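Chemist: Supplied in structure tokens, the structure appears directly below.
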Amino acid sequence: MSRVLNGNTNISERTRDKVMEIVKQYNYVPNTLAKGLASSRTYTVGFCYDYTEKQAVSNPFFQMVLQGVEDVVYRRNFLFLMMSMQRDQLDASSFAKVVTERRVDGVLVPTQLFTEAVHSLLLREGMPFVVVGEPMFAQPGIHWVDIDNVQAAMALTRRLIDRGLGQIGIVYDEADKTKDKFVLDRIEGYRRAMGEAGLQAKEATLERLRGMSGNGCGGASQALIFSTESLLLDWLDEADEHPPADSIHLATFDRSPYHRHIKYGVESIEIELETMGIEAADMLFALIEKTELAQPYIKIPAK
DNA sequence: TATCTCTCAACCGACATGTG
DNA sequence: CACATGTCGGTTGAGAGATA
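Residues in the first sequence are numbered consecutively from 1, following UniProt numbering.
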């Protein structure tokens, strides 16, 4: 039965037809638990999210990544399990439970949650894993997938420079900068593009920007790049009181569904989050199936 | 004799049940 | 009480039988 259903070639047409007839007659569907018992597989992969971040799951960018992951998972006839994790209470989280009880064959961990404690737990349990986003700490043997944020920021900055804008500032959130590698990379990409063009880089936190008059880094910027779209939205929330000057070009990375509610023209660069999900899931399946990988990480260029 | 196809049975792991 | 055995339902290796 299993040889027929799993496409084994050494089966005669006659036997195959006979088996398929019985499958049809009894509406036979293999029991995944029994299959897992025989193959030491769960046919499930996990994705963890931050329990303390209430908007983690509803975040549209997170959902775009998930969409890519799910496409791959369902194509492989696997199931997908969402697990919560509390960074400061790892042992009590459902993530730790799922990993230690081997309820999944592999896990995807967002870089914000990938701490050294998480890494050692996964190594100890021999659980295949892929980090979604470049990890904040480097260790050999860690597989990860990320957007090439340096390249994306360079491309966006160059686009503004090509428009003849010479005074371009970048705005970031201090807390994001310490926990999100991609924010550091975007700042780095911006600096490089400005440096190449012989222009002076101007950086400010949102807090500092709020305190400035004229809505610019130093009050003289012609364009402002926001390191994340949510930061731009936060800033625009306050725009009723201090609307940005018409002469200021706004720019950020990617577009969430909320983007269409923005009343101002915003330049953005496309970040392929769905592709990131697809690549991460493909990489995880390669690790589960012990397939040789060409490289331990993938950086997806922005368009 | 070589190759193809089929059948049998061990095995997977956790838990329930039986036996001494 | 401790240990042995059975149970679930697939997968898969080994070996037997059929056929060219």
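Using N, Cα and C, we set each Cβ at its ideal position, and we do this for glycine too.
Note that the coordinates shown come from a computational prediction; the quantities given were computed from them, not determined experimentally.
Which residues bound the alpha helix (DSSP H) around residue 161?
Modeler: Working through the first sequence from its first residue, we reach residue 161 at position 161. Note, residue 161: alpha helix (DSSP H), 149-162.
Chemist: Tell me where the beta strand (DSSP E) around residue 168 begins and ends.
Modeler: Residue mapping note: residue 168 aligns to position 168 of the first sequence, counting from 1. Where residue 168 is concerned, the enclosing beta strand (DSSP E) stretches over 168-172.
Chemist: Given this structure, state the Cα-to-Cα distance separating residue 178 from residue 168, to the nearest angstrom.
Modeler: On the first sequence, position 178 is the one that residue 178 refers to. On the first sequence, position 168 is the one that residue 168 refers to. About 23 Å.
Chemist: Identify which residue in 223, 205 and 246 has its Cα closest to the Cα of residue 158.
Modeler: Counting from one through the first sequence, the residue named residue 158 turns up at place 158. It is 223.
Chemist: Nearest-angstrom Cα distance between residue 202 and residue 93?
Modeler: Position 202 of the first sequence, counted from the first residue, corresponds to residue 202. Position 93 of the first sequence, counted from the first residue, corresponds to residue 93. Cα to Cα, the separation comes out at about 41 Å.
Chemist: On the DSSP letters alone, give me the boundaries of the beta strand (DSSP E) that residue 110 sits inside.
Modeler: For this step, residue 110 is matched to residue 110 along the first sequence. It spans 106-110 - the beta strand (DSSP E) in which residue 110 sits, taken as one unbroken run.
Chemist: Can you name the residues that DSSP bridges to residue 131?
Modeler: Within the first sequence, numbered from 1, the residue matching residue 131 stands at position 131. In DSSP, residue 131 forms a bridge with 109 and 144.
Chemist: Is the stretch 245-253 in contact with the stretch 26-44, if contact means three or more CB pairs nearer than 8 Å?
Modeler: no
Chemist: Looking at the structure shown, is residue 297 part of a helix, part of a strand, or coil, going by DSSP?
Modeler: Mapped onto the first sequence, residue 297 falls at position 297. Residue 297: strand per DSSP, three-state reduction.
Chemist: Between the alpha carbons of residue 17 and residue 118, how many angstroms are there, rounded?
Modeler: In the first sequence, the residue the question calls residue 17 occupies position 17. In the first sequence, the residue the question calls residue 118 occupies position 118. Going by the C-alpha atoms only, they are around 49 Å apart.
Chemist: Candidates 268, 47, 266 and 31: which alpha carbon is nearest residue 305's?
Modeler: Outside the displayed span of the chain (1 to 303) sits residue 305, for which this structure offers no information.
Chemist: Examine the Cβ distances between the stretch 186-200 and the stretch 138-156 and report whether three or more of them are shorter than 8 Å.
Modeler: yes
Chemist: Looking at C-alpha atoms only, which residue of 162, 41 and 235 is the closest neighbour of residue 209?
Modeler: Residue 209 sits at position 209 when you count from the first residue of the first sequence. Residue 209 has its Cα closest to that of 235, out of 162, 41 and 235.
Chemist: Where in the stretch 29-95 do unbroken runs of the beta strand (DSSP E), each at least 3 residues long, occur, reported from the N-terminal end onward?
Modeler: 44-50 and 79-85
Chemist: For residue 45, which option in 95, 12, 58 and 51 has the closest C-alpha, if you only look at C-alpha atoms?
Modeler: Along the first sequence, one-based indexing puts residue 45 at 45. Cα-wise, what sits closest to residue 45 is 95.
Chemist: Report the rounded CA-to-CA distance for residue 145 versus residue 22, giving the unit in angstroms.
Modeler: The residue labelled residue 145 in the question sits at position 145 within the first sequence. The residue labelled residue 22 in the question sits at position 22 within the first sequence. Straight-line Cα distance between these residues: approximately 44 Å.
Chemist: Can at least three beta-carbon pairs, one atom from the stretch 57-72 and one from the stretch 253-273, be found at a separation below 8 Å?
Modeler: yes
Chemist: For residue 264, does the count of other Cβ atoms within 10 angstroms reach 16, so buried, or fall short, so exposed?
Modeler: Counted from its first residue, the first sequence places residue 264 at position 264. The residue in question, residue 264, is exposed, as its Cβ has fewer than 16 Cβ neighbours within 10 Å.
Chemist: Which residue from 278, 229 and 132 puts its Cα closest to that of residue 171?
Modeler: What you label residue 171 is simply residue 171 of the first sequence in a count that begins at 1. Comparing Cα positions, the closest option is 229.
Chemist: Please list the terminal residues of the continuous alpha helix (DSSP H) segment that includes residue 119.
Modeler: Here the question's residue 119 lines up with position 119 in the first sequence. 116-125 is the extent of the alpha helix (DSSP H) around residue 119.
Chemist: If you compare alpha carbons, which of 102, 85, 276 and 115 is closest to residue 126?
Modeler: The residue labelled residue 126 in the question sits at position 126 within the first sequence. Of the listed residues, the one whose Cα sits closest to residue 126 is 102.
Chemist: Go through its chain and collect everything with a Cβ distance to residue 232's Cβ below 6 Å, but skip five positions before and after it.
Modeler: The residue given as residue 232 occupies position 232 in the first sequence. Closer than 6 Å at the Cβ level, and outside the excluded window around residue 232, lie 226 and 252.
Chemist: Please name the residue or residues paired with residue 182 in a DSSP beta bridge.
Modeler: For the purposes of this step, residue 182 is taken as residue 182 along the first sequence, with counting starting at 1. Bridge partners of residue 182: none, in fact.
Chemist: What is the C-beta distance between residue 173 and residue 205, in whole angstroms, given that I count them as a contact (C-beta under 8 Å)?
Modeler: Here residue 173 refers to the residue found at position 173 of the first sequence. Here residue 205 refers to the residue found at position 205 of the first sequence. Yes, they are in contact, since the Cβ atoms of residue 173 and residue 205 sit about 7 Å apart, within 8 Å.
Chemist: Distance, Cα to Cα, residue 100 vs residue 91?
Modeler: What you label residue 100 is simply residue 100 of the first sequence in a count that begins at 1. What you label residue 91 is simply residue 91 of the first sequence in a count that begins at 1. Distance between the alpha carbons of residue 100 and residue 91: 10 Å.
Chemist: DSSP beta-bridge partners for residue 252?
Modeler: Counting from one through the first sequence, the residue named residue 252 turns up at place 252. 268.
Chemist: Could you please give me the residues that DSSP links to residue 226 through a beta bridge?
Modeler: Locating residue 226 in the first sequence gives position 226, counting from the first residue. Per DSSP, 171.
Chemist: Going along the chain, which residues of its own chain have a beta-carbon closer than 8 Å to the beta-carbon of residue 43, five neighbours each way excluded?
Modeler: Sequence index remark: in the first sequence, residue 43 carries index 43 (1-based). Excluding sequence neighbours, residue 43 sits near 32, 35, 36, 77, 78, 79 and 105.
Chemist: Residue 202 lies in the beta strand (DSSP E); which residues open and close that run?
Modeler: The residue labelled residue 202 in the question sits at position 202 within the first sequence. Run containing residue 202: 202-205, per the beta strand (DSSP E) assignment.
Chemist: Inspect the beta-carbon positions of residue 303 and residue 270 and report whether they are closer than 7 Å.
Modeler: Here residue 303 corresponds to residue number 303 of the first sequence, with the count starting at 1. Here residue 270 corresponds to residue number 270 of the first sequence, with the count starting at 1. Cβ atoms of residue 303 and residue 270: closer than 7 Å.
Chemist: Just mark residue 277 as buried or exposed, buried being the case when its beta carbon has 16 or more other beta carbons within 10 Å.
Modeler: On the first sequence, residue 277 is found 277 positions in, with the first residue counted as 1. Answer is buried; the Cβ neighbour count reaches 16.
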